[in-house]
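The opening position of the sequence shown corresponds to residue 6 in the working numbering, with each subsequent residue numbered one higher.
Just so it is clear, CB atoms sit at the ideal spot from N, CA and C, and this is done for glycine as well.
Notes follow once the structure below has been shown.
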Amino acid sequence: MSRSQALTALQRRQLRRLFTDYEWMLAQVIDPESAIPVWNQFQEAKLVVARQWLALSNTTTKFLDDAGKTPVMHLQLRLTYAPNLADVLDFVLPQQVVQRLESKPLALLTWSKEQLE
6 MSRSQALTAL QRRQLRRLFT DYEWMLAQVI DPESAIPVWN QFQEAKLVVA RQWLALSNTT
66 TKFLDDAGKT PVMHLQLRLT YAPNLADVLD FVLPQQVVQR LESKPLALLT WSKEQLE
């Protein structure tokens with residue numbers, strides 16, 4: 006989308022609902038003029054942050070599914086600072102990746118490292 010095709014206020018609000026607060030903040034710092042596609046920059050930034058979070062004791066992970074509506078699941082990482090104060094990253098993963106991650110305790114760290122390479 007060129008700069009002359011700015012989003013309407015309604016479109017921007019609808020787009021905003023697709024992201025967690027933390028992901029929206031990350032999206033705001035992506036450089037659309039870069040040679041690297043915006044989506045790739047965003048996913049790489051999420052993976053870098055996720056690797057840092059996974060090393061912290063106040064990070065929890067949870068798998069969420071769409072009640073079997075789709076062949077994917079959501080991996081949610083939550084970094085909790087205080088009661089009712091947390092940042093969340095959400096990754097959409099195919100079922101076969103989820104099964105692999107669930108079967109091995111340290112597989113999540115390995116998987117995130119593989120995604121960055």
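{"Asked": "Comparing C-alpha positions only, which one of 63, 68, 92 sits nearest to residue 102?", "Found": "68"}
{"Asked": "Roughly how many whole angstroms lie between the Cα atoms of residue 92 and residue 26?", "Found": "7 Å"}
{"Asked": "Whose CA, out of 94, 105, 98, lies closest to the CA of residue 58?", "Found": "94"}
{"Asked": "Who are residue 67's beta bridge partners in DSSP?", "Found": "81"}
{"Asked": "Is it buried or exposed for residue 125, if we count other Cβ within 10 angstroms and need 16 for buried?", "Found": "Look at the range of the chain in this structure, 6 to 122, and you will see that residue 125 is not part of it."}
{"Asked": "According to DSSP, is residue 93 helix, strand or coil?", "Found": "strand"}
{"Asked": "Compare the C-alpha of residue 98 against each of 89, 48, 64 and name the closest.", "Found": "48"}
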